[in-house]
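Below you'll find the structure, written out as structure tokens, and then a few comments.
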Amino acid sequence: MTAKRIRLHGLRQSTVGHTAIGLWRHPDSQAHRYRELDYWLETARILERGRFDALFIADALGPLEVYQGRVDAALRDGIQTPTDDPLLAISAMAAVTEHLGFAATVSSTYERPYAFARKMATLDHLTGGRIGWNIVTSALDSAARNLGLDRQLPHDERYAVAEEFMEVVYKLWEGSWEDGAVVRDADAGVFVDPAKVHPVAHDGTHYRVPGIALFEPSVQRTPVLYQAGTSPVGRAFAARHAEGVFLSTYRADMARKLVDDVRERARQAGRDPESLKFFAIATVIVADTDAEAQAKLADYQRYASVEGGLARWSALMHIDLSTLDPDRPLEYVDTDGIRGMVELFTTLDPTRRWTPRAIAEFVGVGGGGPVIVGSPARSPTSSNAGSRSPMWTASTSPTRCRRSPSATSPTSPYPNCRPGAGSGPTTPDGPCGRASTARAGRGSGPTTRRPRTVHSGMVIHDRATVAEAGLHDDWPVLSSWTRPVLGRSGRPARRVSGLEPDRGRYHPLTSLKHRVESVSLLILISPFRGCSIERRHRWLHQQPAGSSCKLSG
């Protein structure tokens, strides 16, 4: 039987507080270094040495000011404010790596497609075909107001704008310049053949773009596309466009329903449902022994900020949790926030009733996903194996350890992430798996990207090494699921008071290894030092420890 494959990404936002709220106060935290270029170069080098497919960079365009009606709580904990631009360090990181891909979060609501298409093409040129785009429609009123609107567009209207945005950028990336338009014929004095460059002639509801693309085709033409919408409208959008889909859920059985729904929508849209990769969230905490790992978790919980967690999730859901009874279960309401986040704590899990207090406790360390705790030496026959339903998210910062070999998969979605990839443009593929022409009256050129000969993403590892592949010191793991089969038995236990472990959420390491099929992992970058890459490399190859490395700094 063919071995299942996993794909590895690292995840980080250019800020102090992303998912691990309050942990910037930990003595070993390097979260404040997000402003330093060296921090990002170290991160990129470590991910490449660790054989990751890509670094995924999250973003937000406004401060979090829903909680208590002001930004104070978010500022105190550094939650997504201050934050730097996700795009500007990418070319520098590409210069110190050969195979690592880079996926940046950019909002279709506040960018202009003509200028944005050139930005991404430029990054694809400079990275040699290693750029990806996480498509978001934004969910913060603060962003809308600071960008010139009275308030943000309604939820479904944002997706309507995003649909036309995609139509325009597909035309610019895929249709304006033919293959071979750049001839570079010095003898004839012709750099570009004008007959092979075409205006996109787009005249739509939200955008009018009459002219040609300013840039020549890049290696991929269209970047690798990611999307995180889990509302019905968001799922439909993902089914049409995304190659990687992020899931807002903490249980595998709930993830399975979302995956099945999006795959069915993709099938109806004429795509291969199995071509979509799905990412869920979890945190992995490891140490040399189980006891040390549990102690590490307890140490982190001391720094977790309850108020910060409420501030972050108030903004995500567009519900001021400070105004609600902390012990009264939430009920679903339509908001202009991230509806998948509202569903997460209301309707997705019929076995659980979430209160504001329980949410604050739950998101303290894991950011909303299960936490997997233990040592790499735990016996595969542990009685706990298979009794839980883990999923992934992550967060760790660069660590200075001895070098380990770098390798990339021949199936990486980024063309030049593959060994032996050529330098010239390839035939890119598109989310719909075929080229298509514009609808009548909407201009010329493709409205989708062409099929990829290699699916996006990512470094490949055998299923047997799933647990080891993601188990970094303090690297929460965000995984892409081809088929979520975790959690066939067992349910999360009731939360206990305070920040004590939720026994349905904190899982032994072996439960991950024995219950995962076809998982691709996206690892967040945490703010801590350690020997993560060396340990992971040993686990992947079942080798003895060799020499040890020391904590940096």
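Mapping the sequence shown onto UniProt numbering, position 464 (from 1) lands on 464, and the numbers just tick up by one. Every residue gets a Cβ at the ideal spot worked out from N, C-alpha and C, and that includes glycine.
In the displayed model, I46 falls within a helix according to three-state DSSP. In this structure, A143 sits near A60, with a CB-CB distance shorter than 9 Å. For the segment 215-294, the full-length alpha helix (DSSP H) segments reaching 4 residues or more read 232-241 and 252-268 along the chain. Within its own chain, the residues whose Cβ lies closer than 6 Å to the Cβ of V190, once the five positions on either side in sequence are excluded, are V183, listed in chain order. For W133, the secondary structure class from DSSP, reduced to helix, strand or coil, is strand. Distance from the CA of F278 to the CA of N146, rounded to the nearest whole angstrom, comes to 33 Å.
Around L41, the same chain offers A92, M93 and V96 as residues with beta carbons nearer than 7 Å, after the five sequence neighbours per side are excluded. Taking C-beta atoms as the reference points, A54 and H26 fail to come closer than 9 Å. Between the C-alpha atoms of T122 and A73 there is a straight-line separation of about 38 Å.
Pairing Y226 with I57, the inter-Cα distance amounts to about 12 Å. Taking 9 Å as the cut-off, the Cβ atoms of R357 and L64 do not count as close. Exclusion of the five residues before and after I79 leaves G17, I21, L64, G308, A311 and R312 as the residues of its chain whose Cβ lies within less than 7 Å of its Cβ. E163 and S231 have their C-alpha atoms roughly 15 Å apart. Within the same chain, Cβ atoms closer than 6 Å to the Cβ of F237 are found at Y159 and G229, the five residues on either side in sequence being excluded.
The straight-line gap separating the alpha-carbon atoms of S218 and K196 is approximately 15 Å. Within a 10 Å sphere around the beta-carbon of H202 sit 16 or more other beta-carbons, which makes this residue buried.
When secondary structure is reduced to three states using DSSP, V66 falls in the coil class, being assigned neither helix nor strand. For F246, the CB contacts under 6 Å within the same chain, skipping 5 residues up- and downstream, are A228 and F279 in chain order. For the 9 Å CB-CB criterion, L75 and T81 form a contact. Distances from the alpha-carbon of R112 to those of V169, T205 and L149 put V169 closest. A distance below 9 Å separates the beta carbons of P370 and R251. Contact between V192 and A293 does not hold, since the beta-carbon distance rounds to 58 Å and is not under 8 Å. By DSSP's assignment, G101 forms a beta bridge with A54.
Between A360 and L316, the CB-CB gap reaches or exceeds 9 Å.
At a Cβ-Cβ threshold of 9 Å, Y300 and V209 do not count as neighbours.
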